[in-house]
Amino acid sequence: MQVDDWQLQTVSGGRFKVDGGTMFSVVPKPLWSRKVTVDELNRVDQATNCLLIRSSEKNVLVDTGYGSKLSDKQRKLIDAEEGNPLEQSLAEQGVTLEEIDTVILTHLHFDHAGGVTRRNEDGDLELEFSNAEHVIQQGEWDVAHADWPELRNVYSIENFGLLADSSQLRLIEGDVEIAPGIRSLVTGGHTEFHQAIIIEQGYDAFYYLADICPTSWNLPTAWCTGFDLNQLETRRSKRKILEEIADRDAWLLFDHDPELVAVKIAADDRGEFVITERRANF
Ligand SMILES: [Zn+2]
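For the sequence shown, our numbering begins at 54 and goes up steadily by one.
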């Protein structure tokens, strides 16, 4: 898909599975199980749709999937792919890791930031994208390093700690233009400083909402995930942004939908949103 001089493509950071109850939080299973199938362990399929944005001068990647460092135990628990799915997916697009100039992270959870680092043959951590600047919200960075007991196990320093001492970290505050036509929108909700990424040039606009609306199943206001730290804020943010997307006839991109990567939406008479156009890939 072309947005003037930017070209957009989804690349896979790896498939995995998540508990169905966690995925839909307060929504009872008799409701969500009409739309979604589960495996024998009550798990729902998830993609990690990362975004590759290419121009003649720059390659920008939004989110990195869970990477290649998961232990066998962790991998089994979420049925994650082996190897390095993102590296493979980028290679299929003819892009090497060294050719990525900018990595934008919507937040620092493992399934978004895990691919920032890898272990080399000696077992040492190194940056996956050796030439890239990494763009992260200052607030998200601070919370991830705060070591609060109530957020234990939410952030793994091995995924992004290396950036702290490098010149490859760019911390931003609030809604900013990261590159021409690519801007951040702090949504809160999922994490306090979770950001959506909006790509716009000319009349076209693409909204990568990340975990504020991770799949098409999460379009209804109340269908938030149990991972959200502040569900009320997720509901408010989601509604407001979905309204904007519908008004602008923009594309909404899903980060975790196993079947759809992009849809267009319209508001219905209850103030909820229906899908009017769908894309399984681009
Ligand atoms: Zn996620």
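No residue lacks a Cβ here, since even glycine has one placed at the ideal position from N, Cα and C.
Predicted, not measured: the structure shown is a model, and the values here were computed from it.
Extent of the continuous beta strand (DSSP E) run through residue i
i           : result
residue 72  : 69-72
residue 314 : It is not in any beta strand (DSSP E) - residue 314 carries neither H nor E in the DSSP assignment.
residue 232 : 230-232
residue 65  : 59-65
residue 85  : Note, residue 85: premise wrong, no beta strand (DSSP E); alpha helix (DSSP H) at 82-85.
residue 257 : 257-261
residue 131 : Residue 131 -> not in any beta strand (DSSP E); alpha helix (DSSP H) instead, spanning 125-131.
residue 171 : 170-172
residue 103 : 102-107
residue 304 : 304-306
residue 268 : From DSSP, residue 268 is part of no beta strand (DSSP E); its letter is neither H nor E.
CA-to-CA distance, residue j to residue i, given in whole angstroms
i           : j           : result
residue 221 : residue 294 : 30 Å
residue 98  : residue 82  : 16 Å
residue 70  : residue 197 : 24 Å
residue 184 : residue 112 : 11 Å
residue 103 : residue 322 : 33 Å
residue 144 : residue 61  : 15 Å
residue 59  : residue 93  : 42 Å
residue 257 : residue 202 : 43 Å
residue 244 : residue 283 : 7 Å
residue 189 : residue 118 : 15 Å
residue 172 : residue 214 : 13 Å
residue 135 : residue 65  : 13 Å
residue 74  : residue 200 : 27 Å
residue 298 : residue 328 : 12 Å
residue 163 : residue 296 : 29 Å
Any non-hydrogen atom of ligand 1 closer than 7 Å to residue i Cβ
i           : result
residue 273 : no
residue 164 : yes
residue 310 : no
residue 264 : yes
Boundaries of the alpha helix (DSSP H) in which residue i is found, first to last residue
i           : result
residue 300 : 284-301
residue 194 : 191-198
residue 140 : 138-145
residue 163 : 163-166
Residue i vs residue j beta-carbon contact at 8 Å
i           : j           : result
residue 309 : residue 166 : no
residue 211 : residue 170 : yes
residue 187 : residue 223 : yes
residue 237 : residue 252 : no
residue 265 : residue 291 : yes
residue 304 : residue 315 : yes
residue 307 : residue 267 : yes
Exposure of residue i, with buried meaning 16 or more beta-carbon neighbours within 10 Å
i           : result
residue 138 : buried
residue 285 : exposed
residue 158 : buried
residue 96  : buried
residue 67  : buried
residue 193 : buried
residue 239 : buried
residue 347 : The requested residue 347 does not occur in the structure, where the chain is confined to residues 54 to 335.
residue 181 : buried
residue 271 : buried
Heavy atom of ligand 3 within 7 Å of residue i beta-carbon
i           : result
residue 267 : Ligands in the displayed structure: ligand 1; ligand 3 is not one of them.
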